Every structure is written in structure tokens, then in C-alpha cells.
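Take a look at the structure below.
Structure (C-alpha cells):
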């Protein structure tokens with residue numbers, strides 16, 4: 004059952020004016036490529052110390068070490084294409100900061116909190132593994148793309164605990180929008196728009212892809228909580244009805260996964276990880 | 004330029020005998036779904052304490068708290084489908100251990116080593132961002148799937164520094180194959196085979212997707228090294244020719260990214276992160 008829309012998002016997200024150049028077959032040399040027009044073939048002879056062989060072949064005679072690299076032809080790439088690639092790399096480097104954003108959930112061995120980068124990876128793996136439980140026709144490539152970018156805004160806005168109060172959620176929403184404005188704009192224009200649209204789609208939950216991605220995003224911390232003695236449920240004394248409202252979000256994305264989550268919550272109640280009913284006399 | 008193969012891998016990877024069930028539209032209730040046949044509608048009235056409302060509606064009268072969850076109908080799901088889902092979840096939970104596998108590279112702020120889960124996420128983001136530099140027709144959905152699973156074997160085998168000696172690489176290869184045998188077999192049969200095939204494809208580097216994925220896997224630590232004062236190059240005093248052999252792997256996946264990497268290496272030499280030529284009198 005091929006789905007033509009399948010590769011849609013990644014292709015759109017990647018659009019950046021480089022397509023013509025990218026058509027060069029792998030391994031072929033485009034004369035316009037910087038530094039790639041002169042393929043290096045270095046299987047150094049065994050009696051030549053590492054590095055020496057290369058310098059000798061490329062800079063014969065009396066050039067100082069490293070000369071071959073410094074004096075290479077200047078890049079032939081058009082300035083705009085070059086700028087575009089540099090912006091993409093800058094975005095990739097900026098994204099690294101997501102590895103420093105701590106979530107509330109702990110990893111399964113309980114030793115530390117999960118960060119948002121590894122959480123995003125876990126969701127992508129879940130999209131691959133559990134994609135069969137998405138509604139028919141769901142574009143799993145788009146789901147993966149969505150979970151990969153969905154938390155980037157936390158680089159500026161930080162992670163908000165899903166059971167925080169509504170005022171905190173409202174403040175977070177404002178902060179995340181500002182973050183999306185800044186972070187996705189690091190990309191070259193057409194990609195910036197596509198990546199932002201992907202993030203908006205996830206937030207709005209109107210497509211099957213967004214609802215399935217969101218279902219995974221809600222299911223994953225429940226799996227971690229079950230592995231860590233109740234995890235954030237116990238640590239924050241989260242009431243059952245709040246957890247059940249997250250189960251509804253899972254059901255909206257996948258009936259099967261929603262059913263699984265509901266069973267898991269019943270177990271969590273049995274094991275004392277969740278209070279079945281709030282005590283009206285409490286707090 | 005739609006690419007029918009685009010969604011190919013995720014669809015194959017996700018194949019697990021659940022497709023029939025997954026056809027239920029999002030939000031619809033399949034009577035066979037465990038616990039999902041009775042949609043919960045809980046917008047609790049404001050004067051009812053959290054949790055109370057739900058228990059009252061679903062278990063009116065005198066049942067003890069939590070009863071509604073414990074006494075729900077037993078799952079109608081066929082045992083095989085149920086087992087299949089449980090195996091998928093077990094795989095997802097096992098995969099969490101990748102968050103504990105430390106790589107040699109440090110994250111861009113230099114404060115700690117990167118782990119293999121967040122590294123895999125970074126590669127997936129790079130596939131999205133830099134996919135335009137892959138050869139035309141490259142299936143980026145498959146590239147993403149590949150980078151998401153490629154390091155799972157490190158759960159058992161650990162991460163080997165890319166510049167380790169060839170004996171260590173040979174031992175690592177054996178360990179990784181054994182790990183692949185164990186870890187992918189956690190999945191239900193058809194998925195286990197598909198996931199293993201994906202990992203083999205990455206290792207063998209015969210397809211454009213595998214070569215591009217490998218290029219990203221080689222480029223990413225170079226980007227981190229450039230941000231951390233030379234990173235692993237300096238820490239391990241890696242000779243230039245070894246780094247250049249990795250650049251060749253990048254060029255095999257993408258001429259543009261290979262050219263970019265080559266320029267970066269020239270800068271690394273200029274900045275003293277890499278020795279341009281080995282001193283034959285040394286060591």
C-alpha cells in the first residue's frame with residue numbers, strides 16, 4: 004500500500020534551492036563542488052607516517068605542512084547556495100542545545116532525568132515500531148519528522164511539566180511561539196517555512212499525523228513512569244483524572260494505543276502509582 | 004517530485020499484522036479494542052473534586068475507588084495481536100537503554116559526553132535539514148528510519164570510538180551482530196526481520212540511503228569537534244589522514260557535504276585541532 008504522500012514532508016522540509024546540485028549522483032564529482040573536484044585517494048604506503056603521504060602527494064616539494072589545505076581552490080559554489088548550507092549547519096548546531104533540556108520523566112533505570120533530544124529520538128523509534136497502530140493512510144515519515152522537530156522550541160522556552168497548571172501552560176505557549184519564530188528562522192527561507200508549518204501542525208493536532216505524533220508523545224512518559232515506580236505520577240502526586248485526560252489524547256491518535264494506555268493506567272492504580280479517586284477532604 | 008518508495012521503509016518496518024485493526028479511523032471506536040469501547044467524556048463539573056466525577060459516573064453506587072478500572076471488560080483482542088503489541092512495547096522500553104551509552108564526542112557546550120540516543124536524534128534532524136544534499140531520489144524517510152535504529156546494537160556492544168584500531172573494530176563487529184540478533188528479535192517476527200534488514204543496510208553502505216545516513220553519522224561528530232575546541236581530535240591526537248578517510252565516507256554519501264567537511268578539516272588544521280603532517284620522529 005504505497006502512499007505517495009509518504010515522503011512528502013521530508014521532501015518539502017528539505018527544499019532549499021539545492022536540489023539541482025543534489026542531483027549529482029553519489030560518488031560523482033560536480034566540478035562546482037568545493038574541494039570535491041579532486042578526489043583524494045589515500046591508501047598510504049605502510050612505510051609512510053600517517054598524514055605525510057597526503058601532504059607529499061598534494062603539495063610536492065617544499066610547501067609547509069598543511070599548505071595543501073589552506074591553498075586549495077576557493078569554493079566555486081554560488082554565494083547563495085553557500086549561505087544556505089551554512090544556515091542549515093548553524094541550525095543543526097543550535098539544535099544540539101536540546102540535549103541540555105531536562106524533562107520531568109526519568110529514564111528507565113531511574114538514574115537521571117530524560118532530556119528532550121533523547122525523548123524525541125524515542126518518539127521517532129516509537130513511530131517506526133508502533134506505526135501499524137496509526138489510522139490507515141497515516142504518513143509515518145511525516146510523523147517522524149514531526150516528533151524530531153516538535154521539542155526544538157524548548158531550547159528557548161524550556162520543558163513544561165505536562166501536568167502544570169493552565170496559567171503556566173498559557174505562558175509556555177507564548178514562549179514556545181517566540182522560540183519557534185527564532186529557531187526555525189535560522190534555516191534558509193523555504194525550509195524555515197516548512198519546518199515551522201510542521202511544528203504548527205503538531206501543536207494544532209488537526210491531521211492524523213499530528214494526532215498520532217501527539218499520542219506517542221503522551222504514551223512515552225507513561226511507559227517510563229511504569230518502569231520507574233510511578234515516576235512523575237508519584238513524584239508530583241498527579242490525580243488520576245488528569246492522567247486519563249492524556250489517555251484521551253492517545254485514543255484520538257490511535258484506538259489501539261489508547262486502549263493499551265488505559266490498561267496501563269488501571270495497573271498503575273493497582274500498584275499504587277496513582278490515586279484512584281481524589282480525597283475531597285484533602286488540600 | 005513524489006517518490007513512491009518514500010514511505011516504503013517505515014511501512015515495511017511497521018508491518019506487524021495490526022494493519023486491519025489500525026484501519027479504524029482515528030477517534031472511531033473499534034468494539035474489539037480493549038477498554039476503548041466506552042469513550043470517556045470527562046469535563047468534570049467544577050464543584051466535583053478531580054477524579055471523583057469519573058469514578059461516580061462510571062461506577063455509580065457503592066464500588067470502591069478504582070473499581071471501574073479493575074473490573075473493566077477483559078480485552079477482546081486476539082491473543083496474537085495482543086502479544087505482538089506487547090513485544091513492540093518491550094522493544095521500545097529496551098531501547099531506552101541507548102540513553103546510557105556514552106560516545107566519545109562532547110555536546111556543543113562541552114559539559115559532558117553525548118549519548119547514542121541523542122546522537123541518533125541529531126542525525127534524524129540532519130537528515131531532514133540536509134536531505135537536499137543527498138543524491139536525487141534518495142528516500143529520506145528510509146534514511147531517518149536507518150539513523151534512528153542504527154545505534155541500538157550499542158545497548159549490548161557499547162560505542163566504539165571511530166578511530167579505534169582495526170582489531171577493536173573487528174571485535175566490535177562481532178559484538179554488534181550478536182546484539183542485533185538479540186535486540187531486533189524482541190519485535191514481532193515481520194518487524195524483527197525488517198528492522199534487522201534496515202540495520203544491515205546501514206552497515207553495508209550499498210544503497211544511496213545507507214551512504215547518506217553514514218555520511219551524516221560521520222559529519223555530526225566533526226561538527227561537535229569544531230564547536231568544542233577540537234574535541235575528540237585533540238583528546239585522542241587523531242592524525243589528519245584518519246580524519247580524511249572519514250571525509251571520503253561523507254563524499255560517498257553527498258558530494259556537497261563531503262566538500263563542506265573537507266573545508267572544515269582545513270579550518271581544523273588552521274586552528275591547530277589536527278596535525279597537518281605526522282612528525283616522523285615522534286613516537
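Residue numbers (our numbering), protein chains in the order written: chain H, 4 to 286; chain Y, 4 to 286.
For glycine and all other residues, C-beta sits at the position ideal for the given N, C-alpha and C.
Here the structure is a predicted model, which means the values were calculated and not measured.
Report the residue from 164/H, 163/H, 165/H, 128/H whose alpha carbon sits nearest the alpha carbon of residue 149/H.
Within the first chain, numbered from 1, the residue matching residue 149/H stands at position 146. Ranking 164/H, 163/H, 165/H, 128/H by Cα distance to residue 149/H puts 128/H first.
Would you mind reading off the limits of the beta strand (DSSP E) that contains residue 257/H?
In the first chain, the residue the question calls residue 257/H occupies position 254. Here residue 257/H belongs to no beta strand (DSSP E), and DSSP marks it neither H nor E.
Residue 133/Y CB to nearest chain H CB: under 7 Å?
Within the second chain, residue 133/Y is the residue found at index 130, counting from 1. Interface residue, yes.
Residue 109/H by DSSP, collapsed to three states: which one?
Residue numbering aside, residue 109/H sits at position 106 when the first chain is read from its first letter. Here residue 109/H carries a strand assignment [DSSP, helix/strand/coil].
Classification of residue 108/H by the beta-carbon crowding that lies within 10 angstroms, buried from 16 upward:
Working through the first chain from its first residue, we reach residue 108/H at position 105. Buried, since its Cβ has 16 or more Cβ neighbours within 10 Å.
Is DSSP giving residue 242/Y helix, strand or coil here?
If you number the second chain from 1, residue 242/Y lands on position 239. Residue 242/Y falls in the strand class under three-state DSSP.
Proximal chain H residues relative to residue 125/Y, where beta-carbon distance stays under 9 Å
As a first step, residue 125/Y must be located in the second chain, where it is residue number 122. Those within 9 Å of residue 125/Y in chain H are 95, 98, 99, 101, 102, 120, 124.
DSSP has residue 118/H in a bridge; who is on the other side?
The sequence position of residue 118/H within the first chain is 115, counting from 1. Per DSSP, 105/H.
Excluding sequence positions up to five away, which residues of its chain have a Cβ less than 6 Å from the Cβ of residue 208/Y?
Walking along the second chain from the start, residue 208/Y turns up at place 205. These residues qualify, in order along the chain: 214, 217.
Going by the CB atoms, is the gap between residue 189/Y and residue 93/Y shorter than 7 Å?
By 1-based counting over the second chain, the position of residue 93/Y is 90. By 1-based counting over the second chain, the position of residue 189/Y is 186. Cβ atoms of residue 93/Y and residue 189/Y: closer than 7 Å.
Cβ distance (whole Å) where residue 288/Y is taken to contact residue 158/Y below 8 Å:
Nothing can be reported for residue 288/Y: it is not among the residues displayed for chain Y, which extend from 4 to 286.
Figure out for me which residue from 266/Y, 240/Y, 153/Y, 147/Y has the closest Cα to the Cα of residue 251/Y.
Counting from one through the second chain, the residue named residue 251/Y turns up at place 248. Per the Cα distances, 266/Y.
Within a Cβ cutoff of 6 Å, which residues of the same chain sit near residue 153/Y, ignoring the five residues on either side of it in sequence?
Sequence index remark: in the second chain, residue 153/Y carries index 150 (1-based). Around residue 153/Y: 205.
With a threshold of 7 Å between beta-carbons, can residue 196/H be considered close to chain Y, or not?
Locating residue 196/H in the first chain gives position 193, where the first residue counts as 1. No, no contact with chain Y.
Given that a residue counts as buried once 16 or more other Cβ atoms are within 10 Å of its Cβ, and exposed if not, what is residue 236/H?
Numbered from its first residue, the first chain carries residue 236/H at position 233. Counting Cβ neighbours within 10 Å, residue 236/H comes out buried, since at least 16 surround it.
Would you call the region 239-253 of chain H and the region 159-168 of chain H touching, i.e. three or more CB-CB distances under 8 Å?
yes
Under three-state DSSP, which class holds residue 278/H?
As a working mapping, residue 278/H is identified with position 275 in the first chain. The three-state reading of DSSP puts residue 278/H in strand, counting E and B together.
If I measure Cβ to Cβ from residue 147/H and keep anything under 6 Å in the same chain, skipping five residues before and after, which residues do I get?
What you label residue 147/H is simply residue 144 of the first chain in a count that begins at 1. If we look at residue 147/H and ignore the five residues flanking it on each side, its Cβ neighbours are 127, 130.
Are the C-beta of residue 156/Y and some C-beta of chain H separated by less than 7 Å?
The residue given as residue 156/Y occupies position 153 in the second chain. Output row for residue 156/Y: interface = no.
Per DSSP, what kind of secondary structure is residue 137/H in: helix, strand or coil?
Position 134 of the first chain, counted from the start, is the residue given in the question as residue 137/H. In the structure shown, residue 137/H sits in coil (DSSP, three-state: anything other than H, G, I, E or B).
Using a cut-off of 8 Å between C-beta atoms, extract the partners of residue 129/Y located in chain H.
Counted from its first residue, the second chain places residue 129/Y at position 126. Within chain H, the residues near residue 129/Y are 95.
Counting Cβ pairs, one atom from each stretch, are 3 or more of them under 8 Å apart for the region 218-234 of chain H and the region 255-272 of chain H?
yes
Given a threshold of 16 other Cβ atoms within 10 Å of its Cβ, counted over all protein chains shown, does residue 275/H qualify as buried or as exposed?
To locate residue 275/H, count along the first chain from 1; it is residue 272. Burial is judged here by how many other beta carbons sit within 10 angstroms of a residue's own beta carbon; residue 275/H has fewer than 16 and is exposed.
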